[in-house]
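Taking it in order: structure first as structure tokens, then the write-up.
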């Protein structure tokens, strides 16, 4: 059981961190990231079959995916973000879904407001910034936003409770 928990944690946290970095640098969350996160949940659920309410985990995942899909149709989210939210929703279940949504809203609003301020103050060309800041400056200049970052922050704030 401990081996399954370690494997599930690796399949959850490593792809989450990769998703944030990939979305920040390239504005892309690869499909395999969400697949690994979902696989990690399957492994976790196999080890904790009696302790989890699988139906609620599936319902939360479906609701998150459905709402994110509507946002994708409206042009507010990218396809990778939609799949990432669905995969993270598998892990949440009812005890953590509302905490996740609250943290997601706070972090998204904070980062969005920060990018708006930077956009307003941005006078220099993007290339004049340090390489690590160039993606953020491009986001501020273009009005795009890497939603995987707040999704990952909210996930890292809520999901480790599964392993404590």
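Residue numbers (the working numbering): 3 to 166. The beta-carbon is built from N, C-alpha and C at its ideal position, and this holds for glycine as well.
If you compare alpha carbons, which of 43, 76, 80 and 109 is closest to residue 156? 109
For a test of the three-state rule: what should DSSP assign to residue 25, helix, strand or coil? helix
Under the assumption that residue 29 contacts residue 146 (Cβ atoms under 8 Å), give the Cβ distance between them as a whole number of angstroms. The Cβ separation is near 6 Å, so the contact holds.
Nearest to residue 119 by CA position, among 43, 133, 143 and 84, is which residue? 143
From residue 104 to residue 4, what does the alpha carbon distance come to, in whole angstroms? 31 Å
Taking only the alpha-carbon atoms, compute the straight-line gap between residue 43 and residue 90 and give it to the nearest angstrom. 9 Å
Indicate whether residue 227 and residue 113 have their beta-carbon atoms separated by less than 9 Å. Residue coverage of the chain in this structure runs from 3 to 166, which leaves residue 227 outside it and unanswerable.
Looking at the secondary structure, which residues open and close the alpha helix (DSSP H) in which residue 83 lies? 81-123
Just to confirm, is the Cβ distance from residue 39 to residue 17 under 9 Å? Going by C-beta atoms, residue 39 is nearer than 9 Å to residue 17.
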